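Colleague:
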Amino acid sequence: MPFQAPHKPLPSNKSLKQKQKQKQKQKQKQKQLQEQNKHEKMKPAL
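In short: position in the sequence shown from 1, add 2, done, that's this note's numbering.
(1) Where does Ser14 fall in DSSP's three states?
(2) Could you tell me the distance, in whole angstroms, from the CA atom of Glu37 to the CA atom of Lys27?
(3) Taking the alpha-carbon positions, what's the Asn39 to Lys33 distance?
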C-alpha cells in the first residue's frame, strides 16, 4: 500500500474491505474470461 500522509484521514476498514472485495471480483472475472478463452482456443474449429 502507498504511504498515506498523516494529515489525510485514513479510509475506514469498511471501505477498505469493499475495495478488496471489488478487486477479488474483478480477478475472478478475469480468470473466468481467461478460462473461456482457453477453452475456445482448444475447441477444434468446425
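In this text, a Cβ means the ideal position worked out from N, Cα and C, and glycines have one as well.
Just so we're clear, the structure is a prediction, and the values are computed from it rather than from any experiment.
Modeller: If we stick to the structure as given:
(1) By one-based count along the sequence shown, residue 14 stands at place 12. Here Ser14 sits in coil by DSSP.
(2) If you number the sequence shown from 1, residue 37 lands on position 35. If you number the sequence shown from 1, residue 27 lands on position 25. Their backbone Cα atoms lie some 15 angstroms apart in a straight line.
(3) Here residue 39 corresponds to residue number 37 of the sequence shown, with the count starting at 1. Here residue 33 corresponds to residue number 31 of the sequence shown, with the count starting at 1. Asn39 and Lys33 have their C-alpha atoms spaced approximately 10 angstroms apart.
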